[in-house]
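A.B. asks: Numbering (the working numbering), first residue to last: 19 to 356.
Heads up, the beta-carbon is just placed ideally off N, CA and C, and yes, glycines get one too.
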Amino acid sequence: MKDSDNYRGLGWAHGALTVQRLGAMLAPVTFVLADGRQISPLHIAPWSHEPQAQALPGVLRKLRGEWPCVPFGYSVPADGWPGDWSRVMLAPEPDEEVHGHGSNHDWDWRASERQSLALALAYPTASPVERVERTVVPDPSAPAIDIELKVIVRRACRLPIGLHPVFRLPEKTGAATLELGHFDHGHTYPHEVEPGAALFADGKTFTDLASVPARSGGMLDASRLPLAAVTEELLQVHGLDGTVALANHADGYRVRLSWQKAHFPSLLLWYSHRGRKAAPWNGRHVAIGIEPVCSPFGLGLATALADNPLAQSGIATALEFSPERPFVTRYRIEASAL
19 MKDSDNYRGL GWAHGALTVQ RLGAMLAPVT FVLADGRQIS PLHIAPWSHE PQAQALPGVL
79 RKLRGEWPCV PFGYSVPADG WPGDWSRVML APEPDEEVHG HGSNHDWDWR ASERQSLALA
139 LAYPTASPVE RVERTVVPDP SAPAIDIELK VIVRRACRLP IGLHPVFRLP EKTGAATLEL
199 GHFDHGHTYP HEVEPGAALF ADGKTFTDLA SVPARSGGML DASRLPLAAV TEELLQVHGL
259 DGTVALANHA DGYRVRLSWQ KAHFPSLLLW YSHRGRKAAP WNGRHVAIGI EPVCSPFGLG
319 LATALADNPL AQSGIATALE FSPERPFVTR YRIEASAL
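(1) If we require 4 or more residues per run, which alpha helix (DSSP H) segments fall completely within the region 33 to 109?
(2) Find the nearest neighbour of Val211 within the set Glu197, Pro188 and Arg292, judged by alpha-carbon distance.
(3) Give me the residue from Val230, Glu151 and Ala194 with the minimum Cα distance to Tyr271.
(4) Could you tell me whether the region 67 to 77 touches the region 113 to 127, using the rule of 3 or more Cβ pairs below 8 angstroms?
(5) Taking one C-beta from the region 298 to 305 and one from the region 89 to 102 each time, how about it: are there three or more such pairs within less than 8 angstroms?
(6) Can you find the residues in the same chain that come closer than 6 angstroms, C-beta to C-beta, to Thr261, ignoring five residues on each side of it along the sequence?
(7) Excluding the five sequence neighbours on either side, which residues of its own chain have a C-beta within less than 6 angstroms of the C-beta of Ser284, listed in chain order?
(8) Is it the case that the Cβ atoms of Arg26 and Trp103 are separated by a distance below 8 angstroms?
(9) Does the distance from the CB of Pro178 to the CB of Leu319 come in under 8 angstroms?
(10) When burial is assigned at 16 or more other CB atoms within 10 Å of the CB, is Thr347 buried or exposed?
(11) Straight-line CA distance for Pro344 to Thr191?
(12) Taking 6 angstroms as the limit between beta carbons, can you name the residues of its chain near Ala45, skipping five residues before and five after?
(13) In angstroms with no decimal places, state the Cα-to-Cα distance between Thr153 and His267.
(14) Pick helix, strand or coil for His123, following the three-state DSSP scheme.
(15) Measuring straight from C-alpha to C-alpha, what distance separates Arg242 and Leu137?
(16) With distances taken from CA atoms, which of Pro112, Thr223, Ala215 and Leu198 is nearest His205?
(17) Have a look at Ser331 and Leu35 and give me their C-alpha separation to the nearest angstrom.
(18) Whose C-beta lies closer than 6 angstroms to the C-beta of Met237 among residues of the same chain, with five residues either side of it excluded?
(19) Residue range of the alpha helix (DSSP H) that Pro327 falls in?
(20) Do Ser134 and the ligand GTP come close, with the Cβ less than 7 angstroms from some heavy atom?
(21) Classify Thr191 as helix, strand or coil using the three-state DSSP reduction.
(22) For Arg105, collect the residues of the same chain with a Cβ closer than 8 angstroms to its Cβ; drop the 5 residues on either side in sequence, then sort them by chain order.
(23) Using the Cα positions of Leu337 and Ile306, report the straight-line distance between them to the nearest angstrom.
(24) What residue range is occupied by the uninterrupted alpha helix (DSSP H) comprising Leu323?
(25) Does the Cβ of Gly316 have 16 or more other Cβ atoms within 10 Å, making it buried, or fewer, making it exposed?
(26) For my contact list, Val273 and Leu264 are in at a C-beta cut-off of 8 angstroms; report their separation, rounded to the angstrom.
(27) Find out if the Cβ-Cβ distance for the pair Leu181, Phe49 is shorter than 8 angstroms.
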């Protein structure tokens, strides 16, 4: 396949979008708002066009925008974790890929209706997943994109899955706001996401994103972005109604993500605020991941299937899949002026 076919784009009255074959990642996206302004809310990693990026693992090579993760996460060794987590965690398998096979490989273009893009990817024969399919459709009447994900499995299985939208942030501290609405409660990560870059207290619960337990004591407002601190953190929120918004006050727009909450009972928030110093991050990556998941944070297949602390509390961390019934989920990204 020609290199020029690694990307395809669509334009419509309310914007333009690009999808790449690698990971089937969506970005860049430009929305034309009702007042005529053009905004680009999805993030593109700063190294994505650097020559040395070609040596990176697939998911990092041209990291951008939004893509599906089947299965979601990556296993980590249990050393140093609290006992209630370490007992259910296993080291990564030799062939395990971060956020699943689909995040790391080139998908194939499929025939699709006019004004849509469709891709599919066959999984290795050892995987319970046979293939995944994805369709991206701009809304002809609005600055919005509708997306469908289909998962076809070879045999009955349980898997953690997730959607992985990553949004750009303004430069000024606190110039954007996460708007979650009502939720039941949230959990801080039970360990350090990145050594030396932890901000929140380990393994705590909270009921207000503006008041999250801090590692140094007291509470922190995790709703105003970007955060002042250099950090790499994860928060998982449960009981949302299937919609969340990011209001970018600096650029005067709101971008809203909506999903089927029956498929994704939790929302994972990835705060990537210059906390990773190793290449290719080099302390320059600033973005917010707003990720609907059925997963225990991003701790991989084995932990998701085990009786982990989130599952013990009644929160689903893996979905049931059947070869008789393909799994189909739909979600939407839309923008409006503030």
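C.D. replies: Well, looking at it:
(1) Within the region 33 to 109, the complete alpha helix (DSSP H) runs of at least 4 residues are 76 to 79 and 101 to 104.
(2) Ranking Glu197, Pro188 and Arg292 by Cα distance to Val211 puts Arg292 first.
(3) It is Ala194 whose Cα lies nearest to the Cα of Tyr271.
(4) Enough Cβ pairs lie closer than 8 angstroms, so yes.
(5) Not touching, per the Cβ criterion.
(6) Excluding residues within five positions, the ones whose Cβ falls inside 6 angstroms are Ser276.
(7) For Ser284, same chain residues with a beta-carbon under 6 angstroms away, outside a window of 5 residues either side, are Gln254, His256 and Val311 in chain order.
(8) No, they are not a contact pair.
(9) The Cβ atoms of Pro178 and Leu319 sit closer than 8 angstroms to each other.
(10) With 16 or more Cβ atoms within 10 Å of its Cβ, Thr347 is classed as buried.
(11) Going from the Cα of Pro344 to the Cα of Thr191 covers about 44 angstroms.
(12) Excluding residues within five positions, the ones whose Cβ falls inside 6 angstroms are Leu60, Ile62, Arg82 and Gly83.
(13) The alpha-carbon atoms of Thr153 and His267 are separated by roughly 31 angstroms.
(14) In this structure, His123 counts as coil in the three-state DSSP scheme.
(15) Their Cα atoms are separated by approximately 36 angstroms.
(16) Looking from the CA of His205, the closest CA among Pro112, Thr223, Ala215 and Leu198 belongs to Thr223.
(17) Across the structure, Ser331 and Leu35 are spaced so that their CA atoms are roughly 40 angstroms apart.
(18) Same-chain partners within the cutoff: Ser229.
(19) Pro327 -> alpha helix (DSSP H) spans Pro327 to Gln330.
(20) Looking at this structure, you won't find the ligand GTP or any other ligand, since it has none at all.
(21) It is coil, neither helix nor strand.
(22) Taking C-beta separations shorter than 8 angstroms and ignoring five residues to either side along the sequence, the partners of Arg105 in its chain run Ala96, following chain order.
(23) The C-alpha of Leu337 lies about 25 angstroms from the C-alpha of Ile306.
(24) Its alpha helix (DSSP H) spans residues Gly318 to Leu323.
(25) Buried, by the Cβ-count rule.
(26) With 8 angstroms as the limit, Val273 and Leu264 qualify as a contact, their Cβ atoms being about 5 angstroms apart.
(27) No; because the gap between Cβ atoms is not below 8 angstroms, this pair is not in contact.
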